[in-house]
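What the sequence shown shows, in numbering that gives the first Met the number 0, is residues 0 to 151, in sequence order. For reference, the structure is listed below as structure tokens.
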Amino acid sequence: MKLSAFTDVCLRTIMVLATPGTGQLTSREISESVGVPYNHVAKAVLELRTLGILQVTRGRNGGAMLTGAALESSLGGLLRKLDKRTDIVDCSDHDAQSNCPLAGNCRLRAVFRQAREAFYASLDALKIQDICPTSPAAAFTALPFPTVRDIA
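Here you go:
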């Protein structure tokens with residue numbers, strides 16, 4: 000199971016904001032901290048705000064910070080909400096002109112759906128705080144970010 004680049008950016012954003020002593024950060028500060036392009040972080044911040052994970056203040060002294068309930072939220076539940084893909088496999092032809100000839104008698108999609116749900120279920124018991132740094136000394140160094148063709 001591979002997480003989307005967008006989900007990766009969302010998780011990095013949460014981990015930076017959860018670092019003790021961090022407080023409120025702008026999208027630009029988060030972007031520089033994790034080595035991800037600003038526009039990707041800005042989209043992640045908007046989505047996390049919509050999901051109730053972040054509180055965002057606009058303006059000169061604005062920025063994003065985690066909501067009170069964010070760290071207690073289920074990691075599996077968050078990943079389900081962030082993953083917009085309908086299937087793990089793409090059953091359409093690469094030129095999008097036709098469907099797979101096996102589509103009418105294929106059970107692979109159902110098996111992969113069950114596998115994806117098992118993956119998320121294994122993360123349901125974890126809270127977001129379980130993946131976050133526990134001390135300011137665990138500062139972030141910019142991780143390599145994959146080349147993104149289309150995130151959403």
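Each residue gets a CB set at the ideal place from its N, CA and C atoms; glycine is no exception. All values derive from a computational prediction rather than experimental measurement.
query, result
"Use the C-beta contact count for threonine 56: other C-beta atoms within 10 angstroms, 16 or more gives buried, fewer gives exposed.", "exposed"
"If you check the beta carbons only, do leucine 65 and cysteine 9 fall under 9 Å apart?", "no"
"Looking at the strands, I want to know which residues DSSP matches up with threonine 56.", "Gly62"
"What's the gap between the Cα of glutamine 113 and the Cα of leucine 78?", "15 Å"
"Does the beta-carbon of aspartate 7 have 16 or more other beta-carbons within 10 angstroms, so that it is buried, or is it exposed?", "buried"
"What does DSSP give as the partner residues of leucine 24 in its beta bridges?", "Ala63"
"Is it the case that the Cβ atoms of alanine 63 and threonine 12 are separated by a distance below 9 Å?", "yes"
"Quick check on the DSSP output: the alpha helix (DSSP H) that includes isoleucine 127 runs from which residue to which?", "Per DSSP, isoleucine 127 belongs to no alpha helix (DSSP H) and is neither H nor E."
"From the DSSP output, read off the bridge partner residues of serine 73.", "Lys126"
"For serine 32, name the three-state secondary structure that DSSP assigns.", "helix"
"Would a C-beta distance cut-off of 9 Å place alanine 122 and serine 72 closer than the cut-off?", "In the sequence as presented, alanine is not what sits at residue 122; that position holds leucine. No, the pair does not count as a contact, with Cβ atoms beyond the cut-off."
"Assuming serine 26 contacts valine 35 under a Cβ cut-off of 8 Å, what Cβ separation, rounded to an integer in Å, is found between them?", "At roughly 10 Å, the Cβ-Cβ gap does not stay under 8 Å, so serine 26 and valine 35 are not in contact."
"If you reduce the DSSP assignment to three classes, tell me which class glycine 117 lands in.", "Looking at the sequence shown, residue 117 is not glycine but alanine. Three-state DSSP puts alanine 117 in a helix."
"In its own chain, which residues sit with a C-beta less than 7 Å from the C-beta of serine 134, not counting the 5 before and 5 after it?", "Pro19"
"Could you compute how far the alpha carbon of valine 15 sits from the alpha carbon of leucine 107?", "38 Å"
"With a Cβ-Cβ cutoff of 9 Å, do phenylalanine 5 and leucine 125 count as a contact?", "no"
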